[in-house]
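Numbering (my numbering), first residue to last: 5 to 344. Every residue, glycine too, gets a C-beta built ideally from N, C-alpha and C. What follows is one structure encoded as structure tokens, with my remarks underneath.
This is the structure:
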């Protein structure tokens, strides 16, 4: 099969990779209908995370099941499925508590690589959710978004206690942040402030439900949030970047007693204990338990209540994955969909 491999920072190649095979009796093999480049893929692409030799890329995926292991009971060949970036059994005590991203048997799909034509999915019964039949082609991008960025944005909104009567601020205007805007709107937030200085992203944020746009960053951005909230700060703040500046901005934009949901993959973030102590802010986040939300998200997508696939503003064949990485790295694209 063909698949994307990162050899070194800035060096993505699409090449022949071994076809996947059933390794464990709980595995499934899927033929991907669509995959994509994630903002977190840019960390190794930029050299911030050091790749340890050639590494397969990709952890977001939708497609049709081709084969299942002997112990797979609920997933069948021919089904169209959506999975999350963590494979999980969905039965352990941690999974049952709603944190499938910390499943005792979890497998990170990025170690397998799903920017490819085929993929092995471990723990298929727990990881994969079948759709109600083969989806219409125009629903595929939204279902792909559910595999990571939509579920991650949704977790950020839930972790930040977004809901009716709340003012929500979103730090980060990538696909996750934009999906966080959409999630906050679906959860009933009264006011949603999207922090963005890029016109196309501002426009999409408004389409997803943002009521206000703030272009300022850092302490200037905090000051504007305070001004918009009678000096108090937002009830709920979603952090979707993962840098020191974005985390500090998120905490300082939150009112006492408010909540920060942080889902940006953190790099060199340190939290000053005294400031955090004095802030009276709740912090919750981490890698999103996307599997928790998949059934409801698929239902919303199928009912056409939401259209998160709009975050894909560039579609390329898999063979042009390198161009997709470059486009996202240079902020010429919000998120790139790859067609195997």
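- In the DSSP assignment, the residues bridged to residue 240 are 172 and 263.
- In this structure, 34 is the residue among 34, 220 and 161 with its C-alpha nearest to the C-alpha of residue 113.
- Taken through DSSP and simplified to helix, strand or coil, residue 116 comes out as coil.
- Straight through space, the alpha carbons of residue 257 and residue 282 are spaced by roughly 14 Å.
- Between residue 148 and residue 66, the beta carbon gap of about 5 Å places them in contact (Cβ cut-off 8 Å).
- For residue 190, the three-state secondary structure derived from DSSP is helix.
- The straight-line gap separating the alpha-carbon atoms of residue 233 and residue 102 is approximately 33 Å.
- Excluding its 5 nearest sequence neighbours in each direction, residue 64 has C-beta neighbours in its own chain below 7 Å: 39, 40, 42, 89, 118, 148, 151 and 152, listed in chain order.
- Its Cα nearest to that of residue 32, the residue 71 stands out among 185, 284, 71 and 7.
- By the neighbour-count definition (other C-beta atoms within 10 Å, threshold 16), residue 36 is a buried residue.
- For the options 214, 132 and 92, the alpha carbon positioned closest to that of residue 302 is the one of 132.
- With fewer than 16 neighbouring CB atoms inside 10 Å of its own CB, residue 78 falls in the exposed class.
- Under the criterion of beta carbons closer than 8 Å, residue 142 and residue 76 do not qualify as touching, at roughly 30 Å.
- If you draw a straight line from the Cα of residue 209 to the Cα of residue 29, it is about 43 Å long.
- The beta carbon of residue 249 lies closer than 8 Å to those of 221 and 222 in the same chain, with the five residues before and after it left out.
- Contact between the region 175 to 194 and the region 155 to 165 is established, with three or more Cβ pairs separated by less than 8 Å.
- Rounded to the nearest angstrom, the gap between the Cα atoms of residue 288 and residue 197 is 20 Å.
- Of the candidates 14, 44, 48 and 7, 44 places its Cα closest to the Cα of residue 246.
- Below 8 Å, too few C-beta pairs join the region 15 to 24 and the region 305 to 318 to call them touching: fewer than three.
- DSSP lists 112 as the bridge partner or partners of residue 90.
- For the 7 Å CB-CB criterion, residue 294 and residue 262 do not form a contact.
- Beta-bridge partners of residue 65 (DSSP): 39.
- Residue 84 sits away from residue 108, with the two beta carbons spaced by 7 Å or more.
- Between residue 172 and residue 243, the beta carbon gap of about 12 Å keeps them out of contact (Cβ cut-off 8 Å).
- Under the DSSP assignment, residue 19 falls in the beta strand (DSSP E) whose first and last residues are 15 to 20.
- Going by DSSP, residue 216 is part of the beta strand (DSSP E) stretching over 216 to 218.
- Per the DSSP secondary-structure output, residue 33 pairs in a beta bridge with 71 and 124.
- For residue 258, the three-state secondary structure derived from DSSP is strand.
- Scanning 62, 134, 319 and 98 for the CA closest to the CA of residue 80 turns up 134.
- The continuous alpha helix (DSSP H) containing residue 49 extends over residues 46 to 49.
- Sequence-distant partners of residue 167 (beyond 5 residues in either direction) whose C-beta falls short of 7 Å from its own C-beta, in its chain, are 191, 192 and 193.
- 94 is the residue among 94, 240, 7 and 203 whose C-alpha sits nearest the C-alpha of residue 299.
- Looking at the DSSP output, residue 59 sits in a beta bridge with 10.
- Annotation for residue 206: the continuous alpha helix (DSSP H) segment containing it runs 203 to 212.
- CA-to-CA, the gap between residue 7 and residue 60 works out to about 7 Å.
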